[in-house]
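J.: Would you mind keeping the following structure in view while I ask a few things?
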Ligand SMILES: Nc1nc2c(ncn2[C@@H]2O[C@H](COP(=O)(O)OP(=O)(O)OP(=O)(O)O)[C@@H](O)[C@H]2O)c(=O)[nH]1
Ligand SMILES: [Mg+2]
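Protein chains in written order, with the numbering used here: chain A, 45 to 367; chain B, 26 to 161.
Written out as structure tokens, the structure reads:
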């Protein structure tokens with residue numbers, strides 16, 4: 045399929061075109077970038093929701109439950125489930141469909157599994173792009189599942205309009221560690237597995253953390269859910285709607301859109317810069333010698349890094365002159 | 026601007042009613058360790074679910090694992106569901122318990138690889154690497 049076929053297919057509801065375009069965006073091909081550029085004006089209709097939290101928190105089960113609730117409300121749902129690639133083999137086993145089997149037979153749902161591919165900040169760019177494709181394909185709701193473990197995942201959360209942080213009872217330490225970054229990007233907190241002991245304690249801990257967080261005009265609600273039985277899920281969907289109204293309809297709408305756009309532009313620019321600088325540095329062959337010097341302690345890492353960047357700047361400047 | 030190398034994407038599914046997925050998981054892990062992205066759907070998949078997952082995940086390869094003996098009934102239906110969705114360029118392979126007498130029939134409907142119990146996973150990896158269609 046060429047880019048015209050992809051663009052027209054997506055706008056016309058062709059699922060195969062959508063699936064192909066997602067592969068292009070995921071691999072950051074020229075065709076993928078062109079499709080995104082052409083479709084961007086057709087996005088902005090979907091509510092894009094990030095679901096994040098630690099491994100095993102019940103994110104996939106919750107995403108399935110949210111999707112079912114949204115279907116009951118007559119909305120179509122696109123889902124992106126991101127799992128880490130193996131740092132050794134670069135392969136991945138993507139098993140999120142297991143918890144959403146029934147949704148596979150529903151025309152109003154499209155589910156795509158994505159491996160993080162450890163690609164230099166490119167995950168956030170890719171996940172944002174895939175969400176945009178689903179948005180342009182007229183899905184009313186886009187759900188992005190990521191494990192909330194590192195910078196990449198925080199950036200994926202940033203790509204969403206509304207981010208839901210999933211915590212568990214008895215995860216006192218886990219709740220503590222969430223302070224680092226995730227608290228600030230989540231607009232809704234949910235204690236999942238509330239059928240287990242300790243849910244109220246976890247809610248109290250979250251409340252205490254929120255009370256010292258640096259909040260804007262939106263105060264994140266703290267909810268309870270049992271994803272397995274869908275208990276608390278209608279209330280969660282109500283809370284998501286409320287936040288979407290806040291970012292779209294309220295006096296804050298323009299400011300929220302601007303902040304969101306700024307986060308996206310900066311995240312993508314950072315990813316491109318990172319990739320291009322490293323690729324120039326690698327091509328120049330400067331890294332190996334500098335690394336050797338640091339390993340031998342004949343040079344300190346900071347000055348080696350500066351020297352490396354100086355090489356990159358010189359290389360870019362001479363490329364500029366040649367053009 | 027560089028384009029990242031794309032790992033081969035493979036769907037591993039278990040059609041039919043048998044609930045043993047040990048073999049399917051061994052294959053999934055072996056392909057993962059060989060650098061592929063494996064979408065594992067779990068047990069008791071209908072042909073529609075398998076074909077729809079293959080479409081949505083845009084995989085190059087679909088591997089079916091079956092122990093129940095219903096392969097001659099289910100595999101043609103998977104092929105048909107794939108075709109009706111326009112998914113006509115995936116590499117198909119099958120594993121599990123498939124009597125020798127049935128292998129030809131399964132190859133004829135498009136399964137290029139048929140692997141019995143005790144197959145070395147390296148053979149499956151090599152088969153997938155050598156035959157997976159390229160994606161432009
Ligand atoms: N008791 C209880 N268990 C749950 C609940 N929700 C999910 N689980 C279980 O928690 C386990 C992990 O669920 P998943 O939905 O796969 O969790 P996840 O966060 O997507 O996991 P990863 O994607 O691997 O990080 C499964 O065994 C679920 O059945 C719940 O509300 N209560
Ligand atoms: Mg999951």
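Even for Gly, the Cβ is constructed at its ideal location relative to N, Cα and C.
Measure from the alpha carbon of residue 368/A to the alpha carbon of each residue in 189/A, 231/A, 148/A, then state which is nearest.
T.: Within the shown structure, residues of chain A are numbered from 45 to 367, placing residue 368/A beyond reach of any answer.
J.: Would you be able to state if there are at least three C-beta pairs under 8 Å between the region 154-164 of chain A and the region 93-100 of chain A?
T.: Because the criterion of three Cβ pairs below 8 Å is not met, the region 93-100 of chain A and the region 154-164 of chain A do not touch.
J.: Check the Cβ of residue 53/B against every Cβ in chain A and list those closer than 8 Å, keeping chain order.
T.: Taking the second chain and counting its residues from 1, the one referred to as residue 53/B is at position 28. By Cβ distance, chain A contributes 137.
J.: Checking 9 Å against the spacing of the C-beta atoms, do residue 182/A and residue 57/A come in under that value?
T.: Here residue 182/A refers to the residue found at position 138 of the first chain. Here residue 57/A refers to the residue found at position 13 of the first chain. Going by C-beta atoms, residue 182/A is nearer than 9 Å to residue 57/A.
J.: Under 9 Å between C-beta atoms, does residue 77/B make it to chain A?
T.: For the purposes of this step, residue 77/B is taken as residue 52 along the second chain, with counting starting at 1. True, the Cβ-Cβ gap to chain A drops below 9 Å.
J.: Please determine, among 69/B, 35/B, 49/B, the residue with the shortest C-alpha to C-alpha distance to residue 43/B.
T.: As a working mapping, residue 43/B is identified with position 18 in the second chain. Taking only the C-alpha atoms, the option nearest residue 43/B is 69/B.
J.: Identify which residue in 31/B, 99/B, 130/B has its Cα closest to the Cα of residue 38/B.
T.: In the second chain, residue 38/B corresponds to position 13, counting from 1. Nearest of 31/B, 99/B, 130/B to residue 38/B, Cα basis: 99/B.
J.: Is residue 240/A near ligand 1, with its Cβ less than 8 Å from a heavy atom?
T.: Against the first chain, residue 240/A aligns to sequence position 196. It does: the Cβ of residue 240/A is within 8 Å (strictly closer) of some heavy atom of ligand 1.
J.: If the criterion is Cβ atoms closer than 9 Å, does the pair residue 212/A and residue 105/A meet it?
T.: On the first chain, position 168 is the one that residue 212/A refers to. On the first chain, position 61 is the one that residue 105/A refers to. No, they are not a contact pair.
J.: Which runs of the alpha helix (DSSP H) at least 4 residues long sit entirely within the region 121-182 of chain A? Give them in chain order.
T.: Taking only runs of at least 4 residues, the alpha helix (DSSP H) segments lying wholly in the region 121-182 of chain A are 166-180.
J.: Would you call the region 62-82 of chain B in contact with the region 103-122 of chain B, where contact means no fewer than 3 C-beta pairs closer than 8 Å?
T.: The region 62-82 of chain B, when compared against the region 103-122 of chain B, does touch it at the 8 Å Cβ threshold.
J.: Rounded C-beta distance between residue 63/B and residue 157/B? I'm assuming under 8 Å.
T.: Along the second chain, read from residue 1 onward, the residue named residue 63/B stands at position 38. Along the second chain, read from residue 1 onward, the residue named residue 157/B stands at position 132. So it is not a contact: roughly 12 Å between Cβ atoms.
J.: Taking 8 Å as the cut-off, is the CB of residue 57/B close to at least one heavy atom of ligand 2?
T.: The residue you call residue 57/B lines up with position 32 of the second chain. For ligand 2, not one heavy atom lies less than 8 Å from the Cβ of residue 57/B.
J.: Applying a beta-carbon distance threshold of less than 7 Å, which residues of chain B neighbour residue 314/A?
T.: The residue labelled residue 314/A in the question sits at position 270 within the first chain. By Cβ distance, chain B contributes nothing, its closest Cβ being about 15 Å from residue 314/A, past 7 Å.
J.: Any heavy atom of ligand 2 inside 8 Å of the beta-carbon of residue 237/A?
T.: As a working note, residue 237/A is residue 193 in the first chain. Incorrect: residue 237/A has no Cβ contact closer than 8 Å to ligand 2.
J.: Out of curiosity, what's the CA-to-CA distance linking residue 336/A and residue 70/A?
T.: As a working mapping, residue 336/A is identified with position 292 in the first chain. As a working mapping, residue 70/A is identified with position 26 in the first chain. Roughly 35 Å separates the two Cα atoms.
J.: For residue 59/A, decide whether its Cβ has a neighbour in chain B, counting only Cβ atoms nearer than 9 Å.
T.: On the first chain, residue 59/A is found 15 positions in, with the first residue counted as 1. Answer yes: the Cβ-Cβ gap between residue 59/A and chain B drops below 9 Å somewhere.
J.: Considering only the alpha carbon of each residue, which of 332/A, 323/A, 190/A, 343/A lies closest to residue 357/A?
T.: Position 313 of the first chain, counted from the first residue, corresponds to residue 357/A. When only C-alpha atoms are compared, the closest one is 323/A.
J.: Would you mind reading off the limits of the beta strand (DSSP E) that contains residue 268/A?
T.: Your numbering for residue 268/A matches position 224 in the first chain. Its beta strand (DSSP E) spans residues 266-268.
J.: Do you know offhand how far residue 122/B's Cα is from residue 138/B's?
T.: By one-based count along the second chain, residue 122/B stands at place 97. By one-based count along the second chain, residue 138/B stands at place 113. Spanning the two alpha carbons is a distance of roughly 14 Å.
J.: Helix or strand or just coil, what does DSSP make of residue 34/B?
T.: Position 9 of the second chain, counting from 1, holds the residue named residue 34/B. In the structure shown, residue 34/B sits in a strand (DSSP, three-state: E or B).
J.: Using a C-beta cutoff of 9 Å, does residue 145/A count as contacting chain B?
T.: As a first step, residue 145/A must be located in the first chain, where it is residue number 101. It does: the Cβ of residue 145/A has a partner Cβ on chain B nearer than 9 Å.
J.: So that I know if they touch, is there some Cβ in chain B lying closer than 9 Å to that of residue 183/A?
T.: As a first step, residue 183/A must be located in the first chain, where it is residue number 139. Not an interface residue.
J.: In chain order, which continuous runs of the beta strand (DSSP E) of length 3 or greater are located wholly inside the region 265-303 of chain A?
T.: You should have 266-268.
J.: Which residues share a DSSP beta bridge with residue 90/B?
T.: One-based indexing of the second chain puts residue 90/B at position 65. Answer by DSSP bridge pairing, in chain order: 120/B.
J.: Within the present structure, is the beta-carbon of residue 113/A separated from the nearest heavy atom of ligand 1 by less than 8 Å?
T.: The sequence position of residue 113/A within the first chain is 69, counting from 1. Not under cutoff, so the answer is no.
J.: Just to confirm the assignment, what range does the alpha helix (DSSP H) spanning residue 243/A have?
T.: In the first chain, the residue the question calls residue 243/A occupies position 199. From DSSP, the alpha helix (DSSP H) with residue 243/A extends over 243-256.
J.: Could you tell me whether the Cβ of residue 56/B comes closer than 9 Å to any Cβ of chain A?
T.: As a position in the second chain, residue 56/B is number 31, starting the count at 1. Answer yes: the Cβ-Cβ gap between residue 56/B and chain A drops below 9 Å somewhere.
J.: Would you kindly check if the distance between the Cβ of residue 157/A and the Cβ of residue 180/A is under 9 Å?
T.: Counted from its first residue, the first chain places residue 180/A at position 136. Counted from its first residue, the first chain places residue 157/A at position 113. No, the pair does not count as a contact, with Cβ atoms beyond the cut-off.
J.: Return the residue from the list 240/A, 136/A, 260/A that minimises the CA-CA distance to residue 300/A.
T.: Residue numbering aside, residue 300/A sits at position 256 when the first chain is read from its first letter. Ranking the options by Cα distance to residue 300/A, first place goes to 260/A.
J.: Ordered along the chain, which non-local residues of its own chain (more than five positions away) have a Cβ less than 7 Å from that of residue 116/A?
T.: As a first step, residue 116/A is located in the first chain; it is residue number 72 there, counting from the start. Closer than 7 Å at Cβ, skipping near neighbours: no residue.
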